[in-house]
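Working notes, beginning with the structure itself.
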Amino acid sequence: MKNLRKVILYLVLGAIAASCAKTPPGDVSHPLANEFLTTTILNLQNMSNPNDKPTISYYLNPNTPTVPPVITPDTLRLMKNAMYTCTVLILDQTKTPVDTVSDVIIQRENIHLFFYFPSAGLMLTDSITDHDTNIPPLPFGLHSDMTTGSASTGTLEVVLRHQPNVKNGTYGPGSTDLDVTYPVSIK
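Listed below in structure tokens is the structure:
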């Protein structure tokens, strides 16, 4: 009888502890796993010249992580003194059919933020044009406007930050889902 009381007491205490530990609806107290991806594509469109549609892709084979990524074409070529719209497409090519990870990132825009870092000397600026549904809305960055200046060469680093419950519009909180660098030539 004494052991039965102990068992019942432990069961009741366990039930109380479990009910207190429930996560409120909508709260993401346990960070979602970082997305798995293999390919990142930048699709640009010159706002003044509809025929100027540069694209560049970055592919990293997860089965051979020591092999350098494949960048196609080898350089993103942009016209000088131009404005481009830019859209990022992210894929997981380990799945059949290929999974468009961008769709998942859009669904989770409130916990993701893209950053664009042109290298020193590259005459390129970026302005994020889309925002999430946080209150107040924060930058998201899957879509942006890129403005080129005079002829120059360098690199463009694109970083996607994963920021569940900590997104505040800055780089600092969270972890990195994506960090890729593209060679860029402006002529």
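When the letters of the sequence shown are read in order and numbered with our numbering, they come out as residues 1 to 187. The C-beta atom is built at its ideal place from N, Cα and C for all residues, glycine as well.
Residue burial classification, residue i (beta-carbon count within 10 angstroms, cutoff 16)
i, result
"Met146", "buried"
"Ile105", "buried"
"Thr74", "For the sequence presented, residue 74 should be read as Asp rather than Thr. With fewer than 16 other Cβ atoms within 10 Å, it is exposed."
"Gly174", "buried"
"Ser48", "exposed"
"Tyr171", "exposed"
"Val98", "exposed"
"Val67", "exposed"
"Pro118", "buried"
Selected residue, minimal CA-CA separation from residue i, among the options
i, options, result
"Leu138", "Thr153, Leu91, Ala120 and Val166", "Val166"
"Lys95", "Gly174, Asn61 and Phe117", "Asn61"
"Ser57", "Pro65, Thr64, Leu44 and Ser119", "Leu44"
"Pro183", "Leu42, Thr38 and Leu37", "Leu42"
"His162", "Thr64, Leu76 and Asn110", "Asn110"
"Ile128", "Thr40, Ser144 and Glu157", "Ser144"
"Tyr116", "Asp103, Thr100, Thr87 and Thr133", "Thr87"
"Asp132", "Pro54, Pro164 and Pro118", "Pro164"
"Pro54", "Leu37, Leu76, Thr64 and Thr72", "Leu76"
"Thr125", "Thr72, His112, Leu37 and Leu78", "Leu78"
Own chain, CB closer than 6 Å to residue i, minus 5 neighbours either side, in chain order
i, result
"Phe114", "Gly141 and Leu160"
"Val180", "Thr40, Tyr58 and Val158"
"Ser102", "Leu89 and Ile90"
"Asn134", "Asn110"
"Thr64", "none"
"Ile71", "Tyr58"
Supposed close pair residue i, residue j - CB separation, criterion 8 Å
i, j, result
"Leu122", "Thr155", "7 Å"
"Tyr84", "Pro69", "With 8 Å as the limit, Tyr84 and Pro69 do not qualify as a contact, their Cβ atoms being about 23 Å apart."
"Gln93", "Thr39", "6 Å"
Coil, strand or helix - residue i by DSSP
i, result
"Ile90", "strand"
"Gln107", "helix"
"Ser102", "helix"
"Tyr59", "strand"
"Ser119", "coil"
"Pro183", "strand"
"Asp126", "strand"
"Gly154", "strand"
"Tyr84", "strand"
Beta-carbon contacts of residue i that lie in its chain and below 8 Å, excluding the five residues immediately before and after
i, result
"Asn168", "Leu138"
"Pro136", "none"
"Ala82", "Asn46, Met47, Ser48, Asn49, Asp52, Thr147 and Thr148"
"Ser203", "Residue 203 is absent from the model: the chain starts at 1 and stops at 187."
7 Å Cβ shell around residue i - same chain, five flanking residues per side excluded
i, result
"Ser152", "Gly121, Leu122, Met123 and Ile186"
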